[in-house]
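One structure is given below, encoded as structure tokens.
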Amino acid sequence: MEPFRVHILGCGSALPTLRHFASSQVVEMRGKLFMVDCGEGTQMQLRRSRIRFTKISAVFISHLHGDHCFGLIGMLSTFGLLGRTAKLDVYGPAPLGDVMRQQMKIFCHDFDYEVVFHDVDTRQQQVVYEDRSLTVETVPLEHRMPCCGYLFREKPTLPHIRRDVLDAYHIPVSQINNIKAGADWVSEDGERVSNSLLVEPADSPRSYAYCSDTRYIPNLASRIKGVSVLYHESTYTEEYVALAEKYMHSTAQQAAMVARDAEAGKLVLGHYSSRCEDEKILLDEAKQIFPDSMLANEGLTIDVE
1 MEPFRVHILG
11 CGSALPTLRH
21 FASSQVVEMR
31 GKLFMVDCGE
41 GTQMQLRRSR
51 IRFTKISAVF
61 ISHLHGDHCF
71 GLIGMLSTFG
81 LLGRTAKLDV
91 YGPAPLGDVM
101 RQQMKIFCHD
111 FDYEVVFHDV
121 DTRQQQVVYE
131 DRSLTVETVP
141 LEHRMPCCGY
151 LFREKPTLPH
161 IRRDVLDAYH
171 IPVSQINNIK
181 AGADWVSEDG
191 ERVSNSLLVE
201 PADSPRSYAY
211 CSDTRYIPNL
221 ASRIKGVSVL
231 YHESTYTEEY
241 VALAEKYMHS
251 TAQQAAMVAR
261 DAEAGKLVLG
271 HYSSRCEDEK
281 ILLDEAKQIF
291 PDSMLANEGL
301 TIDVE
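According to the working numbering, the residues represented by the sequence shown are 1 to 305, in order.
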């Protein structure tokens with residue numbers, strides 16, 4: 001099975017702390033790297049993680065609060081200094097493209113690579129990126145400004161060939177693609193071998209949902225049903241549920257309710273408030289509702305299974 005990983009670069013919230021960097025992650029899928037949000041300090045975290053800057057092919061920004069995008073112009077500048085020539089696609093709510101183009105005229109005007117900005121509609125769930133391996137969908141969220149999450153879905157793969165059976169029936173290699181596509185094998189003397197004997201089922205497609213920032217949305221679960229790994233903001237403990245409602249954020253228990261109702265495989269908590277000095281409280285509160293919960297932390301790599 002090809003690697004599908006999430007690298008946590010930053011999982012703090014708006015106010016800087018000595019414990020956490022601002023929001024940023026890298027999703028690694030079949031040799032490609034995609035960045036989700038790009039807060040201040042992202043470049044430092046990329047260096048620490050030893051992720052190759054130049055392999056990032058697209059950036060997905062959830063919304064235009066600074067802790068999710070202030071690191072972007074610096075990273076674009078560094079790409080130029082490193083001699084990048086490959087195109088970079090950047091997805092995010094308007095007016096991200098207009099703002100970045102103005103900054104690039106000043107700071108990045110003489111670089112040799114193209115940045116293509118794609119405005120996303122945060123009110124619609126729709127595919128905004130697709131390649132041979134996966135799709136990326138927007139997930140509408142509810143925050144104090146237009147905001148969306150992103151759902152990375154692996155495309156289904158073909159069944160696995162049972163080479164022991166192929167060898168037993170002396171089936172030529174030239175027939176493998178036909179068999180993967182569902183064909184039976186018929187020998188020269190007319191013996192038919194059912195396709196079900198020739199293949200094993202393909203691996204179930206994996207998925208990863210990034211949901212930050214947002215108030216608690218009960219029907220969010222239906223949009224990400226069956227997701228393998230869910231990252232859901234958990235800014236506050238239940239003690240501060242009133243602040244979560246006021247500022248349109250979520251508590252750890254609310255994140256856990258979304259994970260439970262979505263039948264997620266795993267919940268990753270993050271976007272911690274600066275007032276929270278003991279994140280174990282967040283984890284304990286989440287586990288009361290969804291036991292397979294874990295805390296995000298800088299340097300953590302999560303295997304999506």
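Yeah, the Cβ is synthetic: ideal placement off N, Cα and C, and Gly gets one too. It should be emphasised that the depicted structure is a prediction, and the values quoted were computed from it without experimental measurement.
Classification of residue i by the beta-carbon crowding that lies within 10 angstroms, buried from 16 upward
i, result
"M1", "exposed"
"D67", "buried"
"I106", "exposed"
"A58", "buried"
"H160", "exposed"
"L9", "buried"
"D225", "According to the sequence as given, residue 225 is Lys; it is not Asp. The residue in question, K225, is exposed, as its Cβ has fewer than 16 Cβ neighbours within 10 Å."
"G71", "buried"
"V354", "In the structure displayed, the chain extends from 1 to 305; residue 354 sits before or after that span and is not available."
"L166", "buried"
Beta-carbon spacing of residue i, residue j below 8 angstroms
i, j, result
"T237", "I281", "yes"
"V199", "R162", "yes"
"E285", "S207", "no"
"V36", "Q25", "yes"
"G270", "E245", "no"
"V139", "V127", "no"
"V120", "P93", "yes"
"V90", "F117", "yes"
"E305", "L295", "no"
"I61", "L33", "no"
"S293", "L283", "yes"
"F152", "L141", "no"
"K180", "L197", "no"
Closest Cα partner of residue i within the set the options
i, options, result
"C211", "L9, S23 and S77", "S23"
"E298", "F21, G83, L72 and M75", "F21"
"I51", "S194, E28, H249 and E233", "E28"
"S194", "A209, V173 and Y169", "Y169"
"F290", "D278, C276, E263 and V99", "E263"
"G41", "H65, T54, G74 and L64", "G74"
"Y150", "V6, G71, D303 and R132", "V6"
"D98", "L64, T122 and Q124", "L64"
"Q288", "T301, R275 and A252", "A252"
"C276", "T157, C148, R30 and E239", "E239"
"Y216", "Y247, R192 and P205", "Y247"
"D303", "A14, V186, R30 and Q102", "R30"
Through-space distance from residue j to residue i, alpha-carbon basis
i, j, result
"G190", "A202", "28 angstroms"
"F4", "M104", "32 angstroms"
"P16", "I56", "25 angstroms"
"M100", "L88", "13 angstroms"
"C11", "G39", "10 angstroms"
"R48", "T301", "13 angstroms"
"A242", "H249", "10 angstroms"
"E188", "Q125", "51 angstroms"
"V268", "Y231", "5 angstroms"
"R84", "Q43", "15 angstroms"
beta-carbon residue i near the ligand NAD non-hydrogen atom, thresh 7 angstroms
i, result
"K246", "The ligand NAD is absent from the structure shown, which contains no ligand whatsoever."
Cβ pair count under 8 angstroms reaching 3, the region 99-116 against the region 73-82: yes
Inter-stretch contact at 8 angstroms, needing at least 3 Cβ pairs: the region 249-266 / the region 218-227: yes
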